[in-house]
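Structure record follows, encoded as structure tokens.
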Amino acid sequence: MKRAADRPRPAEAATADRRPPAPERDSGDMVGTRIEVEVGPPGHGGFCVARHEGRAVFVRHALPGERVVAEVTEGSAKDSFWRADAVEVLEASEDRVEPPCEYAGPGRCGGCDWQHAAYEAQLRIKGEVVAEQLRRLAKVDREVVVEEVASPFGWRTRVQFAVDPDGKLGFRKHRSHEVVPVEECAIASSGVDEVGALQRNWPRVDMVEVIAATGSTDRALVVTPKRGEQMPFVDADVKASVLRGVSRHTHISGVQRIHGRPYVREVAEGRTWRVSGSGFWQVHPAAPDVLTEAVLDFLNPKEGDVALDLYCGVGLFAAPLAEGVGESGAVMAVELDRQAVRDAAHNLGFVDDQEESSEFPWLDLVEGSVDEVLADENYVPDHADIVVLDPPRAGAGRDVCDRIAALRPRAVVYVACDPASLARDVAYFAEAGYELTDLRAFDLFPMTRHVECVALLRPAQR
Ligand SMILES: C[S@@+](CC[C@H](N)C(=O)[O-])C[C@H]1O[C@@H](n2cnc3c(N)ncnc32)[C@H](O)[C@@H]1O
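Here is the structure:
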């Protein structure tokens, strides 16, 4: 295990995937205005695009082809676009259904975006959104089919609850800090429900994350106290409140173990993975296996290959890559978050922080930022045969794409949770001589606007 740069990591980097979006702007002077609009195609962000007097209006809770009364939620007379909620449906789409969850709807819980759409329509909408991002940002024209993975409810194994002023758990309204308290969440897994966090009150707490591991009975609570609350804030009431065996962490800077083990054990690919505190792990229980299979299928590792696993988290793709390239090959896995690197080291057979993995001596695990590691000749190999990259929501960026392309791999597999970032990076790869040759998309976040893509890039045939 190696450390590329021994410095504190940027506070944002590891948590960027999970933070609630900050409101882009305060409400403008058209807020509350009602307009009648014809609803157009879906956009990236859980809305459909309509036009009103030459201006784009991003309408949530609507479906393509509908005629609705939309109430403006953000925008002023001088803005080029407004945001709005469909508050009355004048002509409904055939795809419209009654939202199964009582908290879904205009001005309510902001967690789900498409509960009002039949499930097949959700898949279609997400496919259109990915295709549109690729067309617009990468100039790639292709149909995208989003694959159904499992039941659209009860899938979320890691849930971050916000806390309202009375200490009740809930979710923030869309683009707002206001919390809608809930008594249940339709997309949370049964393991999350069993922890019982929703049944108690959380005074002096800002956020509660409930983690229900897959393949083990491990459960964890990561509790973030309100600013200024002292440690330890855990009182007898909290200690007695939840199931026995649940780990509780109080999160101020880093994770402090209060009770139980500081990590959960997730089972995927027939291995057990240690994931500490709020560290990154796929939230859909099927995701680790589905994504690994798709990645390996596209990459097709061969004995002796040099492979890179960039943004490796706790090592999900690094282990099967190391198996695939065998001892005559080499793998370099890179991750920024120090705790994730520690977990990856444990998961990949580095005993007691030793330099070499006992399971895969041909695997290097590097702690550092991918852009810096790829720029550092002490780490980067002179070529790579296969590369997997799974960056956070913001994507990899031009510099990283260029540096990967400069290693002339025969295949690059890009795992993306944001289709706009994927499309931007596909465009950078295209400039560097790589073309998108295949793409699969999976509905690993049913009912929400999110979709996971696995894209294959190869040297362009000129
Ligand atoms: C989407 S997760 C993917 C993790 C892993 N591939 C998996 O599927 O479990 C992205 C990971 O990138 C890490 N990360 C964020 N910025 C990074 C950077 N600049 N360099 C290296 N890793 C970074 C995060 O800590 C996180 O573990």
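All residue numbers for the sequence shown refer to our numbering, where the first residue is 403 and numbers rise by one. Here a beta-carbon is modelled for each residue, glycine too, at the ideal position from N, C-alpha and C. On a predicted model such as this, the values are computed, not experimentally measured, just so you know.
In three-state terms, what does DSSP make of Gln684?
-> Residue numbering aside, residue 684 sits at position 282 when the sequence shown is read from its first letter. It is coil, neither helix nor strand.
Sequence-distant residues of its chain with Cβ nearer than 7 angstroms to Tyr816 (five each side left out) = Sequence index remark: in the sequence shown, residue 816 carries index 414 (1-based). Closer than 7 angstroms at Cβ, skipping near neighbours: Leu791, Leu824, Asp827, Ala857, Leu859.
Short check: CB of Glu611 to CB of Ser553, under 8 angstroms?
-> Residue 611 sits at position 209 when you count from the first residue of the sequence shown. Residue 553 sits at position 151 when you count from the first residue of the sequence shown. For Glu611 and Ser553, no; Cβs fall outside 8 angstroms.
Ala615 to Gln863, Cα distance in whole Å?
-> To locate residue 615, count along the sequence shown from 1; it is residue 213. To locate residue 863, count along the sequence shown from 1; it is residue 461. Cα to Cα, the separation comes out at about 44 angstroms.
Are the stretch 488 to 500 and the stretch 458 to 468 touching, with three or more C-beta to C-beta distances below 8 angstroms?
-> yes
Helix, strand or coil: which one does DSSP assign to Val853?
-> Residue 853 sits at position 451 when you count from the first residue of the sequence shown. Of the three classes helix, strand and coil, the one that applies to Val853 here is coil, per DSSP.
Presumed contact (8 angstroms Cβ cut-off) between Pro508 and Ala523, rounded CB distance | Residue mapping note: residue 508 aligns to position 106 of the sequence shown, counting from 1. Residue mapping note: residue 523 aligns to position 121 of the sequence shown, counting from 1. Between Ala523 and Pro508 the Cβ distance is about 19 angstroms, and since that is not below 8 angstroms, they are no contact.
Give the straight-line distance between the Cα atoms of Pro422 and Ala843, rounded to the nearest whole angstrom.
-> Taking the first residue of the sequence shown as 1, we reach residue 422 at position 20. Taking the first residue of the sequence shown as 1, we reach residue 843 at position 441. Per-residue confidence for Pro422 stands at a pLDDT of 45, beneath the threshold of 50, marking its modelled position as unreliable; the derived number appears in the next sentence. When rounded, the distance between both Cα atoms is 24 angstroms.
Between the stretch 553 to 571 and the stretch 526 to 538, are three or more C-beta pairs nearer than 8 angstroms?
-> no
Could you tell me which of Ala822, Pro793, Thr475, Ala747 sits nearest to His576, measuring between CA atoms?
-> Residue 576 sits at position 174 when you count from the first residue of the sequence shown. It is Thr475 whose Cα lies nearest to the Cα of His576.
Do Cys855 and Ala818 have their C-beta atoms closer together than 8 angstroms?
-> Here residue 855 corresponds to residue number 453 of the sequence shown, with the count starting at 1. Here residue 818 corresponds to residue number 416 of the sequence shown, with the count starting at 1. Going by C-beta atoms, Cys855 is nearer than 8 angstroms to Ala818.
Decide if Thr619 is buried, meaning its Cβ has at least 16 other Cβ atoms within 10 Å, or exposed.
-> In the sequence shown, residue 619 corresponds to position 217, counting from 1. Exposed.
Would you report the Cα separation of Pro687 and Ala670, rounded to the nearest angstrom?
-> On the sequence shown, residue 687 is found 285 positions in, with the first residue counted as 1. On the sequence shown, residue 670 is found 268 positions in, with the first residue counted as 1. Answer to the nearest angstrom: the Cα atoms are 9 angstroms apart.
Whose C-beta lies closer than 7 angstroms to the C-beta of Glu550 among residues of the same chain, with five residues either side of it excluded?
-> Reading the sequence shown from its first residue, position 148 is the one you call residue 550. Excluding residues within five positions, the ones whose Cβ falls inside 7 angstroms are Leu525, Asp845.
Near Gly726, which residues of its chain fall below 6 angstroms by C-beta distance, leaving aside the five closest residues on each side in sequence?
-> Position 324 of the sequence shown, counted from the start, is the residue given in the question as residue 726. So the list reads Pro703, once near-sequence residues are dropped.
Determine, using beta carbons only, whether Arg621 and Gly593 come nearer to each other than 8 angstroms.
-> Your numbering for residue 621 matches position 219 in the sequence shown. Your numbering for residue 593 matches position 191 in the sequence shown. Yes.
Of the residues Gly672, Phe682, Val451, Glu737, the one placed nearest Asp691, counting alpha carbons only | Numbered from 1 along the sequence shown, position 289 holds the residue referred to as residue 691. Comparing Cα positions, the closest option is Gly672.
For Leu809, I'd like the list of residues in its chain whose CB is within less than 6 angstroms of its CB, leaving aside the five on either flank, ordered along the chain.
-> For the purposes of this step, residue 809 is taken as the residue at position 407 of the sequence shown. His785, Ala786, listed in sequence order.
Please go through the same chain and pick out, in chain order, the residues whose beta-carbon is closer than 6 angstroms to the beta-carbon of Gly706, but skip the five residues on each side of it.
-> Here residue 706 is taken as the residue at index 304 of the sequence shown, counted from 1. The residues are Ser730, Gly731.
CA nearest to the CA of Val775, picked from Trp764, Glu737, Glu758, Glu837 | The residue given as residue 775 occupies position 373 in the sequence shown. For the residues Trp764, Glu737, Glu758, Glu837, the minimum Cα distance to Val775 belongs to Glu737.
For Val697, which beta-bridge partners are listed by DSSP?
-> Taking the first residue of the sequence shown as position 1, residue 697 is located at position 295. Answer is none; Val697 lacks a bridge partner.
How about the stretch 435 to 445 and the stretch 453 to 460: do they share at least three Cβ pairs that are nearer than 8 angstroms?
-> yes
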